[in-house]
Amino acid sequence: MYADGRKVALIHMAYGYLPEHFPSEKEWNIRYDMERSKTILSPNIRLSLSGTKKIQQVLAKPGVIERFLPGQTEKIALLRSTFTGLWGLEEDNDEIRACPKKYVMKAQLGAGKGNYFDDQMANMLSRMSVKERGAYILQQKIWPVVAKNYMKRPFEKPTLEDIVSEVGIYGTFIGNQENGGKVLWNRVEGYLVRSKAHNVNQGGVSEGGGVVDSLILFPENELKY
């Protein structure tokens, strides 16, 4: 792939994660050309799909991660200890509608988009067909530790609030798809902490619901609930 007569080595995909990013065949053809080229895509379509909610749900099924870590019982147990409940919605479930506050319904979108909670989720499920439900997954709600911290939002004074936090890990990966695939580089490079008020569902930083935070590590026996 070339741009202005120069060979392109790397394309960072900051766009192309939502259906509205592809309004015509022109956009799809551009993405197709990028995938066919020898340019490194960050991420390519394989990595993009592997991070979807449906793949997360499938990986949580019994026996699936065992395919990728054969014989590594301890690693598998450690991985599964981090999982929350994940289910497909292809079948009807009265318990979900009866107790919606236990779950989050998620679409195949990123950046916190397409998440549905509580009565909104129950109402959507009551109207959707089996085929429509198949585009979503159900996740058991996570109840993290609540802590006090100062929230500093743009153009506002800091306020002391009860907050919950989410840690995301930055990683770098380079692989070769030829000859069955080979990992050339795979490292953890850092982390990102995002915090939000404990009583809100959506806490995206870009939407103003959350803030970028930092970690403080301490012994588990000092944790006070």
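Numbered by the numbering used here, the letters in the sequence shown go through residues 3 to 227 in order. The beta carbon of each residue, even a glycine, is placed where N, CA and C say it ideally should be. Keep in mind it's a predicted model, so treat the numbers as computed, not measured.
| said: Can you tell me whether R155 is helix, strand or coil according to DSSP? | reply: Start at 1 with the first residue of the sequence shown, and residue 155 comes out as number 153. Coil at R155, not helix or strand.
| Cα-Cα separation between K77 and A5, rounded to whole angstroms | Here residue 77 refers to the residue found at position 75 of the sequence shown. Here residue 5 refers to the residue found at position 3 of the sequence shown. Those two C-alpha atoms are separated by around 44 Å.
| query | Which one of M3, I57 and T174 has the shortest CA to CA distance from S39? | reply | Residue mapping note: residue 39 aligns to position 37 of the sequence shown, counting from 1. It is M3.
| If you drop the 5 nearest sequence neighbours on each side, which residues of the same chain put their C-beta closer than 6 Å to that of Y172? | Taking the first residue of the sequence shown as 1, we reach residue 172 at position 170. Hits under 6 Å: E191 and G192.
| task | Note down the Cα distance separating V60 from V106, rounded to an integer number of angstroms. | result | The count along the sequence shown starts at 1 and reaches residue 60 at position 58. The count along the sequence shown starts at 1 and reaches residue 106 at position 104. V60 and V106: Cα-Cα distance of roughly 17 Å.
| field | Host alpha helix (DSSP H) of V2 (start-end) | value | As displayed, the chain neither begins before 3 nor continues past 227, which places residue 2 out of reach and without an answer.
| task | State the Cα-Cα distance for the pair D215 and S197, rounded to the nearest angstrom. | result | Taking the sequence shown and counting its residues from 1, one reaches residue 215 at position 213. Taking the sequence shown and counting its residues from 1, one reaches residue 197 at position 195. Those two C-alpha atoms are separated by around 6 Å.
| query | Under 8 Å, do K150 and L162 count as touching if we go by C-beta distance? | reply | In the sequence shown, residue 150 corresponds to position 148, counting from 1. In the sequence shown, residue 162 corresponds to position 160, counting from 1. Yes, they are a contact pair.
| N117: which of N203, Q179, E37 and G87 sits nearest, CA to CA? | On the sequence shown, residue 117 is found 115 positions in, with the first residue counted as 1. When each option's Cα is compared against that of N117, the closest is N203.
| From I165, I144 and Q142, pick the residue whose C-alpha is nearest to that of Y152; which is it? | Here the question's residue 152 lines up with position 150 in the sequence shown. Closest option to Y152, Cα to Cα, is I165.
| Are T54 and A11 close, meaning C-beta to C-beta below 8 Å? | By one-based count along the sequence shown, residue 54 stands at place 52. By one-based count along the sequence shown, residue 11 stands at place 9. Not in contact: T54 and A11 (Cβ atoms no closer than 8 Å).
| field | Residue from G170, G206 and N188 with nearest C-alpha to V195 | value | In the sequence shown, counting from the first residue as 1, residue 195 sits at position 193. Closest option to V195, Cα to Cα, is G170.
| query | Three-state secondary structure (DSSP) at W145? | reply | Residue numbering aside, residue 145 sits at position 143 when the sequence shown is read from its first letter. Looking at W145 - three-state DSSP - the assignment turns out to be coil, as it is neither helix nor strand.
| Of the listed residues S44, V147, L186 and W30, nearest to L225 (C-alpha basis) | For the purposes of this step, residue 225 is taken as the residue at position 223 of the sequence shown. Checking every option, the nearest Cα to that of L225 belongs to V147.
| request: Taking I139 and L91 to be in contact with their CB atoms under 8 Å, please state how far apart those CB atoms are, rounded to whole angstroms. | output: Along the sequence shown, read from residue 1 onward, the residue named residue 139 stands at position 137. Along the sequence shown, read from residue 1 onward, the residue named residue 91 stands at position 89. The pair is a contact, with the Cβ atoms about 7 Å apart (cut-off 8 Å).
| said: I want to check one thing, is the minimum distance from the CB of L61 to the heavy atoms of the ligand COA below 7 Å? | reply: The ligand COA is not part of this structure, which contains no ligands at all.
| Distance, R189 Cα to S136 Cα | Taking the sequence shown and counting its residues from 1, one reaches residue 136 at position 134. Taking the sequence shown and counting its residues from 1, one reaches residue 189 at position 187. According to the sequence as given, residue 136 is Gly; it is not Ser. Those two C-alpha atoms are separated by around 34 Å.
| query | Is G212 buried or exposed, if buried means 16 or more other CB atoms sit within 10 Å of its CB? | reply | Position 210 of the sequence shown, counted from the first residue, corresponds to residue 212. Flag for G212 reads buried.
| task | Compute the Euclidean distance between the alpha carbons of I176 and H14, then round it to the nearest angstrom. | result | Residue mapping note: residue 176 aligns to position 174 of the sequence shown, counting from 1. Residue mapping note: residue 14 aligns to position 12 of the sequence shown, counting from 1. Roughly 13 Å separates the two Cα atoms.
| query | Sorted by chain position, which residues of the same chain lie with C-beta nearer than 7 Å to K108's C-beta, five sequence neighbours on each side aside? | reply | Against the sequence shown, residue 108 aligns to sequence position 106. So the list reads K55, G116, N117, Y138, I139 and Q141, once near-sequence residues are dropped.
| query | alpha helix (DSSP H) containing N117: first to last residue? | reply | On the sequence shown, position 115 is the one that residue 117 refers to. From DSSP, N117 is part of no alpha helix (DSSP H) but of the beta strand (DSSP E) over N117 to F119.
| message | Using a Cβ-Cβ cutoff of less than 7 Å, which residues in the same chain neighbour D120 once the five nearest sequence positions on both sides are dropped? | response | For the purposes of this step, residue 120 is taken as residue 118 along the sequence shown, with counting starting at 1. The answer, listed in chain order, is P102 and K103.
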